[in-house]
Amino acid sequence: MAKTWQGRFKKQIDPEADKFNASVSFDKRLFKHDVAAGIAHAGALSRAGIITAAEGKKITSGLKKLLAMESRIDFSKYEDVHSAVEMELTALIGDAGKKLHTGRSRNDLVATDTRLYVMEDSALIEKELKLLLKALLKLAKKNTRNFIKGYTHMQQAQYVSAAHWAMAYFEMFKRDLALLSTFRDRVSVMPLGSGAIAGSNFAIDRAYTAKALGFKAACANSMDGVSDRDFAADFCYFSALSSVHLSRMAEEIIIYATTEFNLIDIDDSFATGSSLMPQKKNPDIAELLRGKSAGFMGNLLSVLAMMKGLPLTYNKDMQEDKETLFRSLDGIKSCLHIAARLIDNIAFKKDNNENTFMYSVDVADYLVEKGVPFRDAHEITGKLVGYCVENGKQFTQLSKAELASISPKLDAGMIASLNPEKSANMKKTAGSPSVKSVEKQIADAERFIK
Ligand code: ARG
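For the sequence shown, counting from 1, position 28 maps to 25 in the numbering used here; every step adds exactly one.
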């Protein structure tokens, strides 16, 4: 592979060592960003009088030409994308190309390119996240009056609407959006001008390059600048956390689509069949969303472990950041995208299997309203449940006499009037599953998404 650094060596690098060392197979993805960094840097060099304006122009137009030639470049001839850009440029425009690397190093360049890539890609992730939020909102709007069992400890707890369920995931992914925005700020710091470790002997205007490349700022310390990979960990963490949210949602879709729950219908176009069992309709897409979270967590651990204990400043270990980071960024984009499509392709059914025990808190709270201390109300309602369990009855199947024998305080009329919708609507706190509260959540969400 052609080298930018052969001078001090008496021998060519061993072919196997060369191959092991090379990163071009995966960092050629940074081509566009390396060219952009080159154009900004050439501008700074010419502004500072380090190269002539004519040389600056030559380099800039050469780099622009190169950009259009990307598909024709044989990257495999080079160690990495940075060598490829510099050497292809020189082949294209002659000696002026040899001046581009003045006052920069691949150490500050690779960190700059990778950050630029992440900044660009994170805008695409944001788009996918917003599509998922919209899909959840749409699902919620269809289900404000569809009441389903809510669980704690995976035991039937209290009634909520399917809209409330969807809005719970809306909140999760809205948090992811906020996290993404924080991480987008954190990655927007430019290392270029840090050189290999100690900056440059040339007075390169770093504020100029930062602005030209769309960074919020230039890094404050050259040693940190070339060796900071927090942004890689940030985006792997973002992906891992989002994927954990996806996996929880996916798991619920999977169980709700079972015959046992019979609560969600997955459209045929988003389900799969069995090669043997003709009756099967499987939730493979949701299962993959659940399963893929493992890889995202692994990627995060991989970046953290790669950085742990690394001395300042650049170490070649850091070359390992890219494949992991790209895998996370590519993966989370595709997971978020398909998750939004999946949400568009599920429908909640009606839960016809009423469990009146789930009104227990409502019964107890009613007693509290009648002046019974909550602990006593809990005890009385507990006895009511116990009696029903023993006699295989629901609350609503008890006679007045049976209720009176449990406690004279129990109100047969109130108990008979309970149903899932009423139970949900008895909730008076903000953020609760009452129709009114969920409609407010939906209205707030609609304002947010606009
Ligand atoms: N391919 C390298 C990487 O990805 C680029 C920086 C190389 N720097 C060096 N001093 N060898 O990290």
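C-beta atoms are modelled at their ideal positions from N, C-alpha and C, and glycine is treated no differently.
Note that the structure is predicted; figures quoted are calculated from it, not measured.
Contact test: residue i Cβ vs the ligand ARG heavy atom, cutoff 8 Å
i	result
Met315	yes
His79	yes
Arg26	no
Ala193	yes
Arg181	no
Val107	yes
Tyr311	yes
Arg112	no
Ser73	no
Ser102	yes
Lys96	no
Lys0	no
Lys319	yes
Glu76	yes
Status (buried if at least 16 other CB within 10 Å, exposed otherwise) for residue i
i	result
Leu415	buried
Asp182	exposed
Asn388	exposed
Ser224	buried
Val360	buried
Lys124	exposed
Glu76	buried
Ala230	buried
His150	exposed
Gly306	exposed
Tyr148	exposed
Arg5	exposed
Gln438	buried
Leu129	buried
Val184	buried
Lys278	exposed
Gly100	buried
Ser22	exposed
Ala88	exposed
Ala291	exposed
For residue i: DSSP bridge partner residues
i	result
Met187	Ala215
Thr149	Gln152
Ala88	Answer is none; Ala88 lacks a bridge partner.
Ile263	Ile343
Ala(-1)	Tyr75
Asn279	Thr269
Phe144	Ser158
Nearest to residue i (by Cα), restricted to the options the options
i	options	result
Asn104	Val78, Glu249, Leu128, Gln394	Val78
Leu174	Phe232, Thr206, Asp225, Ser224	Phe232
Pro430	Lys25, Pro370, Gln155	Gln155
Ser191	Thr393, Asp221, Asn342, Glu317	Asp221
Phe72	Glu85, Ala65, Lys61	Glu85
Leu326	Lys433, Met303, Leu126, Thr141	Leu126
Ala237	Phe258, Cys216, Arg203, Leu286	Leu286
Arg44	Ile261, Asn342, Asp202	Asp202
Leu134	His161, His334, Gln391, Met294	His161
Gly211	Asp110, Lys54, Ile252	Asp110
Glu351	Phe144, Phe445, Thr378	Phe144
Met304	Ala81, Gly292, Glu317	Glu317
Ser244	Tyr356, Lys346, Cys332	Cys332
Phe180	Gln153, Ser102, Arg112, Ala195	Arg112
Ser102	Leu381, Gly35, Val435, Asn18	Gly35
Thr310	Ala163, Met169, Ala108, Thr57	Ala108
Lys406	Val369, Glu436, Ala427, Ala132	Val369
Thr321	Val432, Ala336, Leu297	Leu297
Residue i Cβ short of 8 Å to the ligand ZN heavy atom set
i	result
Ser20	Looking for the ligand ZN in the displayed structure turns up nothing; the ligands present are the ligand ARG.
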